[in-house]
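Residue numbers (my numbering), protein chains in the order written: chain A, 1 to 250; chain B, 1001 to 1250; chain C, 2001 to 2250; chain D, 3001 to 3250; chain E, 4001 to 4250; chain F, 5001 to 5250; chain G, 6001 to 6250; chain H, 7001 to 7250.
In this text, a Cβ means the ideal position worked out from N, Cα and C, and glycines have one as well.
Source: prediction; values computed, not measured.
Working notes, beginning with the structure itself.
There are 8 protein chains.
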Amino acid sequence: MTDTKHILEAVRDGSMSVEEAELELRSRPFVDLGFARVDTNRRTRQGASEVIYGASKTPEQSLAIARTLMDNGSECVMITRCPRETYDLIVSEGMEAEFRKEARICIVGRIPKAERRSYICVVSAGTSDMPVAEEAAVTAEVMGCNVRRVFDAGVAGIHRLLSDADSIMGASAIVVAAGMEGALPSVVGGLADVPVIAVPTSVGYGASFEGLTALLAMMNSCASTVSVVNIDNGFGAGYIASMIDRRSIQ
Amino acid sequence: MTDTKHILEAVRDGSMSVEEAELELRSRPFVDLGFARVDTNRRTRQGASEVIYGASKTPEQSLAIARTLMDNGSECVMITRCPRETYDLIVSEGMEAEFRKEARICIVGRIPKAERRSYICVVSAGTSDMPVAEEAAVTAEVMGCNVRRVFDAGVAGIHRLLSDADSIMGASAIVVAAGMEGALPSVVGGLADVPVIAVPTSVGYGASFEGLTALLAMMNSCASTVSVVNIDNGFGAGYIASMIDRRSIQ
Amino acid sequence: MTDTKHILEAVRDGSMSVEEAELELRSRPFVDLGFARVDTNRRTRQGASEVIYGASKTPEQSLAIARTLMDNGSECVMITRCPRETYDLIVSEGMEAEFRKEARICIVGRIPKAERRSYICVVSAGTSDMPVAEEAAVTAEVMGCNVRRVFDAGVAGIHRLLSDADSIMGASAIVVAAGMEGALPSVVGGLADVPVIAVPTSVGYGASFEGLTALLAMMNSCASTVSVVNIDNGFGAGYIASMIDRRSIQ
Amino acid sequence: MTDTKHILEAVRDGSMSVEEAELELRSRPFVDLGFARVDTNRRTRQGASEVIYGASKTPEQSLAIARTLMDNGSECVMITRCPRETYDLIVSEGMEAEFRKEARICIVGRIPKAERRSYICVVSAGTSDMPVAEEAAVTAEVMGCNVRRVFDAGVAGIHRLLSDADSIMGASAIVVAAGMEGALPSVVGGLADVPVIAVPTSVGYGASFEGLTALLAMMNSCASTVSVVNIDNGFGAGYIASMIDRRSIQ
Amino acid sequence: MTDTKHILEAVRDGSMSVEEAELELRSRPFVDLGFARVDTNRRTRQGASEVIYGASKTPEQSLAIARTLMDNGSECVMITRCPRETYDLIVSEGMEAEFRKEARICIVGRIPKAERRSYICVVSAGTSDMPVAEEAAVTAEVMGCNVRRVFDAGVAGIHRLLSDADSIMGASAIVVAAGMEGALPSVVGGLADVPVIAVPTSVGYGASFEGLTALLAMMNSCASTVSVVNIDNGFGAGYIASMIDRRSIQ
Amino acid sequence: MTDTKHILEAVRDGSMSVEEAELELRSRPFVDLGFARVDTNRRTRQGASEVIYGASKTPEQSLAIARTLMDNGSECVMITRCPRETYDLIVSEGMEAEFRKEARICIVGRIPKAERRSYICVVSAGTSDMPVAEEAAVTAEVMGCNVRRVFDAGVAGIHRLLSDADSIMGASAIVVAAGMEGALPSVVGGLADVPVIAVPTSVGYGASFEGLTALLAMMNSCASTVSVVNIDNGFGAGYIASMIDRRSIQ
Amino acid sequence: MTDTKHILEAVRDGSMSVEEAELELRSRPFVDLGFARVDTNRRTRQGASEVIYGASKTPEQSLAIARTLMDNGSECVMITRCPRETYDLIVSEGMEAEFRKEARICIVGRIPKAERRSYICVVSAGTSDMPVAEEAAVTAEVMGCNVRRVFDAGVAGIHRLLSDADSIMGASAIVVAAGMEGALPSVVGGLADVPVIAVPTSVGYGASFEGLTALLAMMNSCASTVSVVNIDNGFGAGYIASMIDRRSIQ
Amino acid sequence: MTDTKHILEAVRDGSMSVEEAELELRSRPFVDLGFARVDTNRRTRQGASEVIYGASKTPEQSLAIARTLMDNGSECVMITRCPRETYDLIVSEGMEAEFRKEARICIVGRIPKAERRSYICVVSAGTSDMPVAEEAAVTAEVMGCNVRRVFDAGVAGIHRLLSDADSIMGASAIVVAAGMEGALPSVVGGLADVPVIAVPTSVGYGASFEGLTALLAMMNSCASTVSVVNIDNGFGAGYIASMIDRRSIQ
């Protein structure tokens, strides 16, 4: 936005014509690949690499976007919900990449080192919630954060959760992934005074309605620190948590 | 059902005609008041007094049913969701009655003494859940049970709940009333090895959908001991708990 | 919980250091297998063997958990929603196991003998509800209860149900599995004065919404003795019923 | 529709001009009152008097429509969901009318005598369902049918229902009004081999969702003879039942 | 039910002992095949052959039930939602059977001849609704009725529907199968003065919610003659229509 | 948007400073009244006067916005869902205004004359749908269109609708307001080859769910010309129809 | 409709008998293919070729309908949701046809040339929304309109959308296809003063409920120019937009 | 939790008996007022004063809790959804308090001064969303944060929002309150790289379903920075935002 001012000044100074200015204002921020418009200066604007949502793209499309971003200066591109084939194609094209199977994330380039001592805590309720929790954890790591995992800590065995209370209470932000009744964020929220990002998972059967029940329960959490993202959206939760963690050194 | 045999024997013995037997089989079990058919031998069959659902009846109707039951041998009749006017009318007619305001229950006759040492534990999440919890507690008392109350013990302050763990762990059955995210029965269910009757309450706002969210969450409880009754149905929960408690002396 | 006191006493007596006590309080109740934390003293605390939910675990994971439990003193472990492969693996590893096909339950070790004369009655509405009803029945048997089955007894043929009225009326607790309109628990609830655990099944089509209609209907039962568990949750219903039945000998 | 032929013949015979015929085809079937178009030859076409839905009309509007119909040859007009004021206005205008309070129906003119011996049976589950059941019963009476009422016959007390089995089994059509779990039509449908028109009522609380649960349950009835009308639509049920009953003498 | 009287008389006369009578009352009406209880005297009681819901049964189960019924005096048994394999098995066992492919109905034995001149009209909105409409039509034929089909007559081409107005207006009962917006029953209901049984179909996409939208629309029909059965329940609609048609000769 | 260019040119020409330009770009398009930001050059941009949604504003707020608009060159301002008090206040302040009671619209200033011969047809199903239909009709008139009304033309009396077929078939755009089953737009859509804007109304009871059923039915219309606006949104429908009609003279 | 007059005049003149006239009125407008009634004079009545919904038809059925239409004078027939096999069959039968793969549309005959300079703008939010957007665009082209596409212009990157503001602001009508939160139509609606036809897409996961969330959001658009069609109904949106565009030259 | 260690050390040192320690562990953290258990050391544990949810409490109850907190060392207590009477009672009791009418918040004691330069931005869509937005803003102020308000900035007038882009882009966290289609958080999320807490409001009508549509839309936001709290939960959003802002100085 402050760019507007710069462009206007260039117009005033005569170093840019009106037509050029108008064109610049409209066309600069992306590269058009035909099937997608890639935001090449998003890193500057959003403070993080572009993220590619791999589920709805062909391996070729994901590759093309990743390459465009790397060619424009990105050091690390993350492909979420990434099919194995996409990773295989990227590697076969000679690009440096890593595949986190459980999290279904392909990391192109190098994960930045975490430079803060603060960390994010990722808590999950049951074994089945782990893929979503892992997606959140890996996302936060790619965003340059430290992560501590507290998995298989459901509320019906409250002592398991309490045994990890220290990890929970020391975090800068907490991600909680849970399906079924979605009660875990409320209990976790009562233990710590930092934001809790709740991720309902589609784990369960019958009246779990593929995560809707957990989502609604989390929306009604009696803990004031809980906000909620979409069902199975581990990426979003990890991304928001990393934004909060980043403030720790500013 | 075993009555069928008695009647058939009377027919065989000639002490009852076929026509009389047929009439008896069909008409005996209730008294018809015009607006309702009162089940006068239900105490024998169901092991408890008839309960009157006061919300949908005029004071006069509730009075008439209560009187019919007392006249047919009941010692205690409970009127749930009882309007104040109904209680006033019953007392003004010279019947012995007691009004439990918060539970909205009118007790006609005398509450039987609890003869067992076992007890039911009634747990509630927040202040607003208390009327429903009280309805459950009073119902169980009218059914002849001891009751211990653990109120205002929401999951976001888990230490409050744990401070009453003894009461929870020693009960013969537990009723848990909670609104909002409905997480409490899962946590309670993890502490005790007796049936937990969960009552969703209509407490909350927005996405609580007047108790539906709590109901769905409770249906998905990760604790295997939890079953659920209708929203705000404190009576049903207390009634079922009292049935379980009764087995303690058989 | 009373363990807290024992540990505190050990600290006072000097037989345990503060650090050891804190560690003990937090880490004792489970064995961490990496993918799951197994609750090895749950039998004591919950009065029953650990139950493994087989649907979301690989055969290897189920095996590992079952072995850990048996190694820690369990005599019988039940795996619900158990894939055939899991059973095959367990047997091939030399463990004693039995597979109840219709109930989809694998029983590792030996089912305890029922020592009470009381029994649980399991009622189902139609042929399609039988797997869920069987899951409830086998669960109760594994928990050490006697079980009587009354199957294919839908409400549109009320005489079929009445022909088994004796079994229904003599039970210590009743499980009713029904799909479609979910009316059966109300009719059964009117015949007996014991708790009825209703299990909606996903049987039906169109507006049955895979069990939701039956679930809602059961929540609204006009019989005061009915509480409800999740759709197709035969295990939960059988487990709760067995808890009620167990009180019969105390 | 056969009118089309008559008009075409009149055109061919020259007794009607083309313009007149076109006008006739389009404008004949109703009188326009400004706020409503009254169907004055509906009695012929539909075999019954026009019915006025009183709930959404002012007393003056209902009066005007009723008068137009009576002036055009109707002998009996029924106003459903009729406010008391509408009845008072009609009577004060000197028209012959009767008010059935519980059914909320005002009958203008005279109810036709039932000329068949066949009858419709109207069954209701609880006291609160009676207004809807009465609406169905009075509607059928206004349509010239005999009606037998079986009220307060809920499924949790199955013996009450069976005591009236003769009335149910001898009817030409059955209307069943029930709220809460909506199980009654299934049980009734199993007793008789005539069409059962089920009317869900808005009776209940919590998860009854103002009749939606009963509606869905009825849609899933395991009895093949059950069809369903809108929540609280006693009129529609009575009207359809009377159509079926009418065939009895054709 | 009148059987009760006969049995009681036999007891009085000494031709039947009390124990025999009780046994008779409870066990007579069905044959237990293990997986199902077959109602062998249903034809008498319900006025029609037993119908087998083929979708949830193995070919062997359907065969066994059909054979039991035929052996007990049925002349025609209908298997709905019948898999091809079931039909093949039945034929290979030497039983007389016919397969109506589009209606997915297998008819064992012989369809009775229609002896009345009255007929049922089956109307469908679009090509995709035809299987459901055919199921209704064949059911009515198996029940001994004449059927007229008016297919592909959606409301957006109202002239197509009007071109068949004579068939619609002359029927004894009408079945209307429609998906999408479910408007057809209202228009048809305005043309005729007989009961209209509406069958929502799961035809459509997006906000049709697999028939729910059509179901709800039909429940709200402005035509008073419309009642509704479950989504895709062509059988139920045809069955109810045949019951209404049967009254035409009584 | 083309304004951007003008401002850039002014900057280049030196007639505007960079700071002034930036300020202009951001602040020009509205006047801030504290409780609302009034869009004073919207008439130019959107081709119509600002419309005030009166339901959520105090009379004083509506007055202030209307005055600001009139003072900035509007000739006609429409206040929808306008409380009577708001109109009274506006008139008492000496402004020229007209109140259309049934449509709940207050018109400040003068309705522009329709200068085209084309017209919009507004169709409604029942008497209760008239307020919504009127809101659409008056909106279109305020937008300078001719309007023809076809009211009380429900699908169950198809001949009423056909009698006005000429008005429907000659319109430039059609608005259809209907509640209950929402079938009318499909029938109307089959008669004309112009866009049909369907407005579901909250008219009905029970399973009409305050317009949701009509909304869903309309979304599934088998007529390709139907699009839908929010429940009871007569204004939106009239506004869109007027936009379509306006193209008739371009 | 005016045909009615012509037929009546023919009757009056004696050039057509009454029976012929009645037959003509009823049977003329379609050809019956057995599985479908093809509307051969729809082009005249609706101003466009018949459209075949290919998804629910066999290749043979689509071919037969297309041929009937072409034989009766159509110059272009569009088959939507067209399986590849249908196209292959049509071409192998020697008919001229074109297959637009992404839009899943088969065009039989020749697309008419656009004769107006006006155009329709089709906007889509993300890559996954493109098939629906293409369906709308191709439909409009087949209907004889010019189309401009603005794809991959989601609201979270508002600058991408603004860069195409000129295309949006100059259109005669706009189609907006978007899934997930469905926010795009509101933003687009704020930029232009022409009708916006919003198409929710089934793109998304979790709480997108296969397009329902987008549909509901679009119904609630704060832009008055937005109306909505069914989920993924690109055809309908393109068809309505083309109707609006056509007025531009009238 | 670290308290556990201190108490254990005291036991070891003999300065506390086992019984005292057990009592201390369980009873210390709250004061029991009968109707509520007040958490007097929450400030330490949670980093903020206790917040009282005023809507479900009598003025006397709110007063008692506030007084208990102030007496135990709190400097500022906030009562949300506070009825005017509660504020009046508190002031009449001589306590220092301030009432923010639009936000419906009563502040007892003194709002702490903001000591950081960072600020939270609170954005709202329309006039009707202001109470919720104000609740968020005042909450953040009470928590010691600076707040900038950007109100009445709906997406249909995107230029209004862009005019405040600087405020949005410079914030440490953003709260966005919006009803209707709930699109605003997505657009705002595209402008800034900080967490956006979205609050759906119950503003709207018809298919807004009292905020549910906005809630679902926000859950599906295409901006990765958006998480969601319950409908109308301005307090929660402001509280979470303040937690994020607080990290700015650590």
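{"Check": "Who pairs with D:Tyr3119 in a beta bridge, going by DSSP?", "Outcome": "D:Asn3146"}
{"Check": "Evaluate B:Glu1102 with the Cβ neighbour count: other Cβ atoms within 10 Å of its Cβ, from every protein chain shown; 16 or more gives buried, anything less gives exposed.", "Outcome": "exposed"}
{"Check": "According to the neighbour-count rule (16 or more other Cβ atoms, all chains shown, within 10 Å of its Cβ), is D:Asp3071 buried or exposed?", "Outcome": "exposed"}
{"Check": "Taking the C-alpha atoms as reference points, what is the distance between H:Ala7055 and G:Leu6184?", "Outcome": "37 angstroms"}
{"Check": "Could you check if F:Val5194 belongs to the surroundings of the ligand FAD, using beta carbon to heavy atom distance under 7 angstroms?", "Outcome": "In the structure shown, the ligand FAD is absent, as is every other ligand, since no ligand is present at all."}
{"Check": "For the beta strand (DSSP E) holding E:Arg4246, just list the boundary residues, first then last.", "Outcome": "It is not in any beta strand (DSSP E) - E:Arg4246 instead sits in the alpha helix (DSSP H) that spans 4234–4246."}
{"Check": "If I follow the unbroken beta strand (DSSP E) through H:Pro7200, where does it start and stop?", "Outcome": "7196–7200"}
{"Check": "Please decide whether H:Ala7207 counts as near chain F, where near means a Cβ-Cβ distance under 8 angstroms.", "Outcome": "yes"}
{"Check": "Near H:Asp7245, what residues of its chain come up, given a Cβ to Cβ distance below 6 angstroms and the 5 sequence neighbours on each side ignored?", "Outcome": "Ser7118, Ile7120, Cys7145, Ser7172, Ala7173"}
{"Check": "Where does D:Arg3110 land, buried or exposed, given buried means 16+ other C-beta within 10 angstroms?", "Outcome": "exposed"}
{"Check": "Might you give, ordered along the chain, the residues of its own chain that have their beta carbon closer than 6 angstroms to the beta carbon of D:Asp3164, omitting 5 neighbours on each side?", "Outcome": "Val3150"}
{"Check": "Let me check one thing: in DSSP terms, what residues is E:Tyr4205 bridge-paired to?", "Outcome": "Answer by DSSP bridge pairing: none, since E:Tyr4205 is not bridged."}
{"Check": "Taking only three categories from DSSP, how would you classify H:Ile7319?", "Outcome": "A query on residue 7319 of chain H cannot be resolved here, the shown segment of chain H reaching from 7001 to 7250 and no further."}
{"Check": "Could you name the residues of chain B that C:Ser2186 contacts, counting a contact when the two beta carbons are closer than 8 angstroms?", "Outcome": "Simply none; closest approach about 12 angstroms."}
{"Check": "Would you say B:Ser1167 lies against chain H (beta-carbon separation less than 8 angstroms)?", "Outcome": "no"}
{"Check": "Select from H:Val7108, H:Leu7216, H:Ile7065, H:Leu7069 the residue whose C-alpha is nearest the C-alpha of H:Tyr7087.", "Outcome": "H:Val7108"}
{"Check": "Would you please state the rounded distance, in angstroms, between the beta carbons of C:Ala2223 and C:Gly2190? I believe it to be under 8 angstroms.", "Outcome": "6 angstroms"}
{"Check": "Can you name, in chain order, every residue of its own chain whose Cβ lies under 6 angstroms from the Cβ of F:Glu5098, other than the five neighbours on each side?", "Outcome": "Ile5107"}
{"Check": "Can you list, in chain order, the residues of its chain with a C-beta nearer than 8 angstroms to that of C:Met2180? Leave out the 5 residues immediately preceding and following it.", "Outcome": "Ala2125, Gly2126, Val2203, Gly2204, Ser2208, Thr2213, Ala2214"}
{"Check": "Considering only residues of the same chain and omitting the five flanking positions on each side of H:Val7194, which have a CB-CB separation below 8 angstroms?", "Outcome": "Ala7171, Ser7172, Ala7173, Ile7174, Thr7225, Ile7244"}
{"Check": "How close, in whole Å, do the beta carbons of D:Ile3197 and D:Ala3137 come, if the pair is a contact with beta carbons under 8 angstroms?", "Outcome": "Actually they do not touch by this definition, with Cβ atoms about 12 angstroms apart."}
{"Check": "Give the DSSP-derived three-state secondary structure of G:Met6070 in the structure shown.", "Outcome": "helix"}
{"Check": "Considering only residues of the same chain and omitting the five flanking positions on each side of B:Met1130, which have a CB-CB separation below 7 angstroms?", "Outcome": "Glu1102, Ser1124, Phe1151"}
{"Check": "In chain order, what residues of the same chain lie with their CB nearer than 7 angstroms to the CB of B:Ala1064, ignoring the 5 residues before and after it?", "Outcome": "Leu1033"}
{"Check": "Identify each residue in the segment 4070–4099 of chain E for which the Cβ-Cβ distance to at least one residue of chain G is less than 7 angstroms, and report them in chain order.", "Outcome": "none"}
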